[in-house]
Amino acid sequence: MGDVNYMLVWVAVRGLSPDKALAALEMEFLESAEAHDVPGWPDFLNRGDFHDHIFMGDLPEGWLLLFGNLDEEQKDLLLQLARFGPAFAGDISRIGSHAEGRAYKDGKEAWSVEYDLESRGGGELLRVEGELPASLAAIVAEAHAAEAEGRGSDIGVDVLFEAPGKLSKAICGFSPHEDPPEGFRWSMLQRIGGEPEPTERRGFFARLFGRG
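Quick note: the sequence shown, position 139, residue 124 per the numbering used here, numbers continuous.
What follows is the structure, given as structure tokens:
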């Protein structure tokens, strides 16, 4: 993955309907053939106009995924959806080699796992707060074991950085480091009545989500 700055933010909520999510966000689908109910994954690499937009898609087992290359204000907006059911929120940022995953129950944060290379330097890079279920704690333990053995370093994979994504995959079926589940379809959202024209665009993804 290159060093171009970006932030991928995602929130998955179980049992949340698209209509209820749209109402809570005060948003609507962008009715465009190239941005509504589209199979695969948005082409963030080549479509700068996809940046700063929120996207939505259904995951297996009743999870609704909302995501995008978003700023902190948009991230906070998505986190409001955690009150509607069991939720997982994550973000990865190459600005500071940062990755984070947080689980929510009854609208409150239950636990979090955060990787921060820039601020922690040679200290504990993967910080856990709260108590993870045993099956998820095993994923974190495996990441530590793999890092200690140097696994992944020969192919440029940071196993600690990918740990929050693996937790996300185990919970809701989505990982930012893998292709979306088979049959996944996405739609772009906009403010009701349309989006104001942005004054500035961020840079493109160098290589999206660690995929080649």
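No residue lacks a Cβ here, since even glycine has one placed at the ideal position from N, Cα and C.
Leaving out five residues on either side along the sequence, give the residues of the same chain with a beta carbon under 6 Å from the beta carbon of L117. W96
Among R112, G47, F159, which residue has its Cα nearest to the Cα of L145? R112
Which first and last residues belong to the beta strand (DSSP E) in which L64 is found? That residue, L64, is in no beta strand (DSSP E); its alpha helix (DSSP H) goes 57 to 64.
Just to confirm before moving on: does the CB-CB distance between A72 and V(-2) stay below 7 Å? yes
Rank S82, A130, Y89 by C-alpha distance to the C-alpha of A74 and give the top, closest one. Y89
Spatial neighbours of L1 within its chain, please: C-beta separation below 7 Å, excluding the five flanking residues on both sides. L49, L66, F69, G70
Return the CA-CA distance between N31 and P3, expressed in angstroms with no decimal places. 27 Å
In or out: G115 buried (at least 16 other Cβ within 10 Å) or exposed? exposed
Run the CB neighbour count on R186, radius 10 Å, all protein chains shown included, and call it buried at 16 or more, exposed below. In this predicted model, R186 has a pLDDT of only 41, less than 50, meaning its place in the structure is not dependable; the value taken from the coordinates is given anyway. Per the 10 Å Cβ criterion, exposed.
Per-residue DSSP class, three states only, for I77: strand
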